[in-house]
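The block underneath contains the structure these notes are about, expressed in structure tokens.
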Amino acid sequence: MIGLPRFRMVTHGRGDIFVSRVIEDWGNWEASNTALLLQMLGRPADFIDIGANIGWFTLVAAHALSGRGQVHSFEPDPAHLAKLRANVSANHLENVTINSCALSDRNGDARLYLNAVNRGDNSLLPSIERSGSTLVRLQRLDDYDGLSRERPLIVKLDVQGSEIDVLMGARTLLTSYPHDVVLFCEVSPSALAAGGRRTAELAALLDEFDFAAAFVDRARPRIIPMSWQRLVDHQEDDNRRHPGADCDIVAFRRIDGLMAPIFTMRGTS
């Protein structure tokens, strides 16, 4: 992949059938999001990795932003944290802050439910696939004092159905941040429904925060700007035809800031 930095990475091994196995087999993870993110990381920015897992996006961003930005990673699972810390250390990254907590709309504690086979499926929401659990700390992003607020901000959000809670706990940050903000978010109607939420609620909240919507075409990769209502209709229809389907979206405010390289490429493709 053009622009992908070379780095060392330890995984959970082949028992983790998605994240670890794909990285071991292909040397990549979520190739479309990675490619789009790399286009944005050519300029100074800070990066927040919410649901960092073992650190793929943390490492990509930290290498790309060396000397030009900070990375703030949030991961509550102790096993993931051990790999995340090992990966940051092995790559001698000095621009990463690791936070051992889950982000939410409140501060406190909660059970994190663990999927032993698909270790990217850990969630604050129980399911039959998540056979274990551990007590973790919750924090609102609005109460996090580690951000300098000196640079544009890129946020990656992948929390298996708790996205709305995270965003509600980041309302002040996202609505009053003094620079450009772009949000990458995985959206799964079935995961949201497990927590009593709907895709339309997530879209309405991001619209309230004054973000525009774009759908990530995983095959190209490229973004397809669309209205929030069209995005909701598209994803709910896809979930009816393919239960459990998810998609990646980009929420943005400007086409001349962090998103400029992506819109330039889109215009010439």
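Numbering (this note's numbering), first residue to last: 1 to 269.
Ideal Cβ positions, reconstructed from N, Cα and C, are used throughout, including at glycine.
Apart from the five residues on each side of it in sequence, which residues of its chain come closer than 6 Å, Cβ to Cβ, to residue i?
i: leucine 173; result: Leu141, Asp142
i: phenylalanine 47; result: Ala61, Val71, Ile154
i: alanine 245; result: Asp238, Asn239
Nearest chain B C-beta to residue i closer than 8 Å, yes or no?
i: valine 19; result: The displayed structure is made up of one protein chain only, and chain B is not part of it.
Leaving out the 5 sequence neighbours to the left and right, which residues in its chain are closer than 7 Å to residue i when beta-carbon positions are compared?
i: proline 78; result: Thr134
i: alanine 35; result: Met1, Pro221
i: asparagine 53; result: Val19, Glu75, His80, Gly120
i: proline 261; result: Gln39, Met40, Gly42
i: phenylalanine 263; result: Ile255
i: aspartate 207; result: Trp228
i: glycine 13; result: Ser20
As a quick exercise: from the options, pick the residue whose alpha carbon is nearest that of residue i.
i: glycine 195; options: Ser100, Ile224, Leu124; result: Leu124
i: aspartate 145; options: Ile128, Ala170, Phe184; result: Ala170
i: isoleucine 164; options: Val88, Phe252, Thr199, Ile128; result: Thr199
i: leucine 157; options: Leu192, Leu103, Cys185, Asp233; result: Cys185
i: arginine 240; options: Ala64, Ala193, Pro221, Asn115; result: Ala193
i: methionine 182; options: Leu59, Leu81, Ala251; result: For the record, residue 182 in the displayed sequence is valine; it is not methionine. Of the listed residues, the one whose Cα sits closest to valine 182 is Ala251.
i: leucine 103; options: Ala82, Gly13, Gly51; result: Gly51
i: phenylalanine 57; options: Ile128, Arg197, Leu37; result: Leu37
i: serine 176; options: Arg149, Ala191, Val159; result: Arg149
i: proline 243; options: Leu81, Ser190, Val166, Ala64; result: Ser190
i: glycine 257; options: Ala45, Gly27, Ile2; result: Ala45
i: glycine 3; options: Ala64, Gly55, Asn33, Val22; result: Ala64
i: leucine 205; options: Val232, Pro225, Ile223; result: Val232
i: valine 88; options: Glu24, Ser188, Leu147, Thr11; result: Thr11
i: arginine 6; options: His92, Glu208, Lys83; result: His92
i: aspartate 49; options: Gln235, Val166, Phe209, Met226; result: Val166
i: leucine 202; options: Arg130, Gln235, Ile224, Trp26; result: Gln235
i: serine 32; options: Ile223, Ala213, Met259; result: Ile223
Beta-carbon separation of residue i and residue j under 8 Å?
i: arginine 119; j: isoleucine 98; result: no
i: aspartate 248; j: arginine 218; result: yes
i: phenylalanine 215; j: arginine 253; result: no
i: proline 271; j: histidine 179; result: Summary: the structure shown does not reach residue 271, with the chain confined to residues 1 through 269, and so no result is reported for it.
i: valine 117; j: proline 76; result: no
i: leucine 59; j: arginine 106; result: no
With a threshold of 8 Å on Cβ separation, who are the neighbours of residue i within its own chain once the five nearest residues in sequence on each side are excluded?
i: threonine 268; result: For threonine 268, the predicted model reports a pLDDT of 43, less than 50, meaning its position is unreliable; a value from the coordinates is still stated below. If we look at threonine 268 and ignore the five residues flanking it on each side, it has no Cβ neighbours.
i: aspartate 109; result: Leu135, Val136, Arg137, Leu138
According to DSSP, which residues form a beta bridge with residue i?
i: histidine 72; result: Ile48, Thr97
i: proline 152; result: Beta-bridge pairing links proline 152 to no other residue.
i: glutamate 132; result: The question names glutamate, but residue 132 is glycine in the sequence shown. BP columns for glycine 132 point to Leu114.
i: aspartate 109; result: Arg137
i: alanine 213; result: Met226, Ala251
i: glutamate 186; result: Asp248
i: alanine 102; result: Leu138
i: leucine 157; result: Ile50, Cys185
i: serine 123; result: Tyr113
What I want to know is whether the C-beta of residue i ends up closer than 7 Å to one or more non-hydrogen atoms of the ligand PLP.
i: alanine 61; result: As for the ligand PLP, it is missing from this structure, which has no ligand bound.
*Hey, is the segment 36-46 in contact with the segment 13-22, meaning 3+ C-beta pairs nearer than 8 Å?*
Per the Cβ contact rule, the segment 36-46 is not in contact with the segment 13-22 (fewer than 3 Cβ pairs under 8 Å).
*Contact the segment 93-110 vs the segment 66-78: 3+ CB pairs below 8 Å*: Yes, they touch.
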